[in-house]
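Chains as they are written, first to last, in my numbering: chain A, 3 to 238; chain B, 3 to 238; chain C, 3 to 238; chain D, 3 to 238; chain E, 3 to 238; chain F, 3 to 238.
Printed below as a string of C-alpha cells:
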C-alpha cells in the first residue's frame, strides 16, 4: 500500500559510518534509505556568552542541504544571503533534542557544535540528522573522556528521531519523500534510548487527526526508536 | 502551587475585542491574562504564485513583537535586519494552524494574511496569536461572504491553541511567563472546535516526559480548547 | 473646504492614555483623530559608547508601523530585511526632537529609548509619535526621580509636534491622510511648551511656497502646540 | 568671529566645472570652499513602475561619500552592507528638491537619476549636492532638447541650496564643518531662482530658536541663493 | 624536503568516484590526497537572461565548504548572511575555467550549474573542484547526448587544474595545506587536455618570483595536467 | 589594427596628480587614458586583530566605482546591500599586490588602507588602481617617515600593474574597454620596479592560449612596467 512497498511499521535500511572526516572531533555519515546526512561534532573551549560563569555547557546544531541534494536544484542559502525559516526551525530542533540527552553540568562550560549537512535527501532529513548527530556527539565526548578533558560522561542516554504519519488513512513509520508529500498528517518523534519522549511534533497538513491516531503514531515511534538505537550502538 | 496561584487546569481570563483597526478586513485584540496580541486579517486578491491556476486559496501569517512587549527591551527585528529563527518558527506555525481550519477550494485563488503583533507578552504569545488570529480571519471571511465575494463559507471549524506543560512534576494548563521558564517540559496544542488535533508540539526543556504525561497534557488541552472556543464565539 | 470638514485651524480630537503596558518605565497610547500610536520609554543603564566618560545622557527613538496600520497592507520591515529610508528619517527626527527638551547633563550617562509603533495611521504619525513619545519619556523620568535614580529633573520643557500645510491655497493645521496626499506643501513643526522652535521641516510637494505662507504656517503651528501641550498636561 | 574668518553673511568661494565625465548625459564638479562633490545625471528611458501609464516623469537622486572624504576614514557603505539613515535622508532630500524645479508632464515617462558623490567634505555636502545636481540635470535636459527627445523644456526654474545656522548667538550663512559642529541651531534652505521656498529644514542641536531668528535665517538664505544661482548660470 | 615527503613533481593520489547522488544529472566525489570535494552538475532548461535570444549556453559554478571541512570550524556562510570574497573568487574561477572547455553554440540556450562542495580540505580545493567539476559536467552532457537533447557534443576538451608554488626556493607541484601556508609564491594553473592554457594565477605571498621560476612552474603544471586528465578518463 | 589606433606595445597616456584631497595622508588621481581613479591612503594606528602582538603591519585596499563611471549606469553597491564578487576580487588583488612591495616588519603594527575609487572607467581599472594606489601609499609612508613615526622606510620597491591580452591573434599592451571586451585572452601583470613578478592573472575568455603567447605577454608587461614606474617617479 505504501509507495515504497514497505510494511506500515517497516523502516528503511539504516547505515552509520563513523570517522568520515579527519578534522572533526566526531563524525559520521548516516544513511536512512536514500537520505544521506554528514554529521560532524566540533568541541569549542568556550560556552556561549549567556552561560558565562554558570558552569553549564551547551550543545547546538546547524543544518544545511547541498544545492543538489534534492530532485531539482535548490538555491544555495549562502548565495540567498540568509537561512530559510525551515532551516532555522530544523537546526533549533536538532540542538534542543541533543541537549535533552546531555548533563550540562557534567559537560562544563564548553560548547559542542553539531553540523548536519544533507548530501542526498529523500524525506526525514531532520530525523536522520538527530540520529546521526547523536553519534557524532557521542564520538566527540568519547574523545574528550579519553583525553581526560572530561571526568564524567555527560551523555545520559541515546537520542534518536523518526518520522510518522497518516497515509491513506493508515499510520506509517519513517516516511520517504513521496509518502511525506502525500500524507495528510505527519510529524517527528524524538525519544531517548529508555523510550522517554524528548520532542513530539505532529502537524495536520490537510487533514486533522484524532487522539486514537496519536496513540498509534506513538506506538510506531517507539518501535522505530528501537531500530535506530540499535544502529547507533552498532556504529560505535 | 503554581506561581500564578491558579489551579492546575485553570486558564487565565480571556478577552477578545473585535474591530480594533479601521483599515483591516478583520481585526481583534486578544488578551490572555497579561499577554496581549493585536491580530489583523488582510484579504489579497492574488494567491501566492505557486498556487497559480490551481483554484486553491492560501492563508499565511506573520508574527512580531513590539520591542518593549517584554520585561526588558528586545532589539527591533527590522533594525537587526532579519527575523529571528524563533519568529519564523512561530509565524509558520500560526499559518499552518489556521490553514487546517480552511477549505482552500471554497476560498478560491485568494490569500488572507493574518498579522499577529504582540503588544505585551507574558507567556503563550503564539497560542494567543492563533486563537485571536482565527477571530480576525473569521471576521474577514464574514465580510467577504456578506459582499458576495465568497459564495460558500470556507471556514470549516474553529481553531484554537493553548500551551500545556509539566511544572514541579504536575501537568498544568496555559503557562504564563514565569511558569514557562521553569517548566521541565512544555508545548502547544492546536485543536479544532470538534476537538480534532491540528498540531502538537511538545518539547523537553531539561526533563524528558512519559506517555502517561502526554496523555494528561492532551486532556488538559481539550479542556482549554473548550474555554477558548467559547471566548471566540462570544466575541463574534 | 477641508475634506475632513474641519476649520482651517482646527485640530483633530486628541486623547492620551498612559500606563498602557506593564513592562515599560513609561508608556502611552496617543490618538490624534484616527492616527493611533503606542509609545513606550525604556531606561537603559548605559549610554551609547560614543558618550562614555562624558557624563552626558542620551535619548533616542525607534519608529515602526504595524503592517495593517494603513489602508492597504505594507510589507513588514523585519521581513524585508531593513528599515526604509522613511522609517529611519522619522526615527531620527523623533530622537532629535525629544533631546531638545532634555538637559543631558542632568540625565547623566544613561540612555532612554522611546519606541513609537503606529497601530493605525491616518496622517501625522511622526507628529503624534513625538507628542506621545514625550509623555512616555516624562513618565519614565518621573519614575527615576521617585526612585531617587535622578536627583534633578532633566526635562526642561514640553516638546510637541504638529503638521501644517497648504491645501487648495489655504494654510491648514493638522493634516489627515487625505489632506496630506493632496497638499501642495506640507511639513512638521516641533515646538517647546514655551513656543520656542525645535525643528521646522517644510517641503514643497508639487508647489513651492512663499515667505508669507511660511509665516502663516508658523502661526498655525503655535496655536496647535497649545492644544497639544494641554493634552500632555491632562494625561499626566 | 567665525572660525573661518568670514563675515556673517559671506559665502565660501564657489566653482562649478562641467563635463567632468565622458559617459554621463550631464556632469559637473562643484566646489563650495573645501567641499567638493561630483554630480552626474543619467537619463533612463523608463520611469519607475509606480508611474507606468501616468505620462509623468521622475527625478531621483543618490548620494555617497568616498571613505576618505572626511577627516578620519569612514567605513564604505557597500562594505557595511547598507546605506546609513543619514545617507538615505540626504538622497531623499536631493531628489525631492530637484523635482520641485521640474515640470513632470513636460518630462514625460522617463527618469533622470542624479548621483552626488562627495570627494572631499567640509560641511554643507547636501547643499552642494543640490546646487551641483541641478547643473548636471540642466545639462542632461539640454542634451535631450538638442536631440529632440524632449520638445518642451521641463525645467521651470533654478534650484539651489544653502545652509544657515546660529553660531555664538549670531545667524551665519554657509557653515563649514567646524562651524556646523559648534552651531546650536542649523539647517538647510532650498530655494528656486525666483526665491520661492522649496524646502526648509531647521534643527535645534542643543539650543532651540525663536521666530525672529527664523526670519533672519530666511534673509540670509535668500542672499545666498542669489550667489549660488549666479554660479550655476556662469557654469552653463 | 617537502613536509609531505613527496618529490618536487609528485602529485598526491587521486581518486574520482562517479554517480554519488541519485538526483544530479552528473556527479562525482573527487579526492586529491586529503582534499575531498563533492561535485554535481545540474542541467537547467533556461540560460541566464543576459543570453536570451543569443543561442548561446552557459556553464556556471558555485563553491562551498562544510563548516568542519577544515582544521578548526569555519562559520557557515549562510549563517553569516553572505559568501566571502574568497568563495566568490573561487566560484567565478571554476565557472570561467569550465566554460573554456565548452562550445557554447553547441550547448544552445541552456545552463549547466556545477556545485562544488568541499567535504574535507587539505589545500588545493579550487583545483580539485575544477578537475572534479569537469567530470560532473561531462557526465551531465553525456546524459543529454544520450537523451537526444543535444545533437553535437559541446565539450571540446578536458579541463583540469593543479596548484604549483615555490617552497624553500624550489618549485613544487600540488601543494597540500601545510606547504601552501609556507610557500612564498603559489598559484593555480588550469589547462586543457591538449595542454593549452586556460587560466594562470600566480601570487607572491611574501616573496616575488622571477620569469625563470615562472617557466619551471609552467613545466610542473603541464606534467600534473597529464596525471589529472588520465584520472578523469579512468573515472568515466 | 587596434580599435584605439595604438601600436601593439603602446600604452595610453598616463598622468598622476598628487595631493588631491586635504584629509588623506596620501592621495592621487591617476589617469590612464580615459580610466580615472582617485586613490587615497589612510594610516590607522592599529593593525587588524589577527596581527596583534606579531609586530607586523598590514596594507589593505578597498575598491569602488561611481555609478556613472561606466557607459551605462551601474547600481550603487551600497544600495544593492553588498559588494559584488568582482569588486571583492579586485580589492583583494590590490591589497595583495601592494603588500608585496612592503616590509611588514619595518611598518610595524599599523594598518594602511588604500581606497581606489573609479571616477571614469575605460578598461584596466584594477591596474590603474594598483599603480595609483602605490603612489598614495608612498606619500603616506613619506609623511610617517618625516614625522618620525617610522624610522626605516618599509617600502622595498615600486609596484605597478598593466593589462595585456591577445586581440585578433596579436599580443597587445594596456587594453581599453573596447579591446578588453573583444580580446580572446587577457589578464593582468603586477611587477616591481626591479621587474620581479608579483602577480600574474591570465584568463582565456573564449580562446585558450599557448606558452609562446604567455612569453610574449610577459615581454609586453615588462615594457609597460617601465613606463608606469617612470610615471610614478615623475609624480613624486
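For glycine and all other residues, C-beta sits at the position ideal for the given N, C-alpha and C.
Using a beta-carbon distance below 7 Å, is residue i in contact with chain F?
{"i": "residue 138 (chain E)", "result": "no"}
{"i": "residue 64 (chain D)", "result": "yes"}
Leaving out five residues on either side along the sequence, give the residues of the same chain with a beta carbon under 8 Å from the beta carbon of residue i.
{"i": "residue 261 (chain B)", "result": "This structure cannot settle anything about residue 261 (chain B), because the visible part of chain B is limited to 3 through 238."}
{"i": "residue 180 (chain C)", "result": "5, 6 and 125"}
{"i": "residue 209 (chain D)", "result": "168, 186 and 187"}
Output needed for residue i: all residues of its chain with C-beta closer than 6 Å, excluding positions within five of it in sequence on either side, in chain order.
{"i": "residue 58 (chain E)", "result": "106"}
{"i": "residue 94 (chain C)", "result": "none"}
{"i": "residue 145 (chain D)", "result": "27"}
{"i": "residue 2 (chain C)", "result": "Residue 2 (chain C) cannot be examined here, being either before or after the span of chain C that is shown, 3 to 238."}
{"i": "residue 127 (chain F)", "result": "37 and 120"}
Helix, strand or coil for residue i, going by three-state DSSP, please let me know.
{"i": "residue 148 (chain B)", "result": "helix"}
{"i": "residue 174 (chain B)", "result": "strand"}
{"i": "residue 55 (chain E)", "result": "coil"}
{"i": "residue 28 (chain B)", "result": "strand"}
{"i": "residue 141 (chain F)", "result": "helix"}
{"i": "residue 86 (chain B)", "result": "coil"}
{"i": "residue 49 (chain A)", "result": "coil"}
Any beta-carbon of chain C closer than 7 Å to the one on residue i?
{"i": "residue 44 (chain B)", "result": "yes"}
{"i": "residue 122 (chain B)", "result": "yes"}
{"i": "residue 69 (chain B)", "result": "yes"}
Does any residue of chain A bring its CB to less than 7 Å from the CB of residue i?
{"i": "residue 80 (chain E)", "result": "yes"}
{"i": "residue 205 (chain B)", "result": "yes"}
{"i": "residue 94 (chain E)", "result": "no"}
{"i": "residue 198 (chain B)", "result": "yes"}
{"i": "residue 119 (chain E)", "result": "yes"}
{"i": "residue 87 (chain B)", "result": "yes"}
With distances taken from CA atoms, which of the options is nearest residue i?
{"i": "residue 65 (chain F)", "options": "F:73, F:50, F:81 and F:121", "result": "F:121"}
{"i": "residue 49 (chain F)", "options": "F:18, F:69, F:15 and F:110", "result": "F:110"}
{"i": "residue 98 (chain E)", "options": "E:132, E:44, E:42 and E:73", "result": "E:132"}
{"i": "residue 117 (chain C)", "options": "C:232, C:222 and C:25", "result": "C:25"}
{"i": "residue 113 (chain A)", "options": "E:60, E:89, E:114 and E:75", "result": "E:75"}
{"i": "residue 3 (chain A)", "options": "A:167, A:172, A:212 and A:31", "result": "A:172"}
{"i": "residue 123 (chain B)", "options": "B:71, B:226 and B:34", "result": "B:71"}
{"i": "residue 213 (chain C)", "options": "D:88, D:149 and D:220", "result": "D:220"}
{"i": "residue 1 (chain A)", "options": "A:9, A:61, A:230 and A:222", "result": "The structure shown does not extend to residue 1 (chain A), since chain A spans only 3 to 238, so no value can be given for it."}
{"i": "residue 216 (chain C)", "options": "C:231, C:165 and C:129", "result": "C:165"}
{"i": "residue 9 (chain A)", "options": "A:176, A:134 and A:229", "result": "A:176"}
{"i": "residue 15 (chain A)", "options": "A:238, A:81 and A:229", "result": "A:229"}
Would you verify that the beta carbon of residue i is, or is not, closer than 7 Å to some beta carbon of chain D?
{"i": "residue 91 (chain F)", "result": "no"}
{"i": "residue 227 (chain C)", "result": "no"}
Quick check on residue i - is its C-beta less than 7 Å from some C-beta in chain E?
{"i": "residue 83 (chain A)", "result": "yes"}
In its own chain, which residues sit with a C-beta less than 7 Å from the C-beta of residue i, not counting the 5 before and 5 after it?
{"i": "residue 161 (chain C)", "result": "99, 100, 102, 103, 132, 136, 192, 194 and 200"}
{"i": "residue 23 (chain A)", "result": "29 and 42"}
Compare the C-beta of residue i with all C-beta atoms of chain B and state if any pair is closer than 7 Å.
{"i": "residue 102 (chain A)", "result": "yes"}
* Whole runs of the beta strand (DSSP E) within the segment 151-234 of chain C, excluding any shorter than 3 residues -> 161-169, 172-175, 187-194 and 199-206
* Continuous alpha helix (DSSP H) assignments of at least 4 residues falling wholly in the segment 91-135 of chain B -> 106-109
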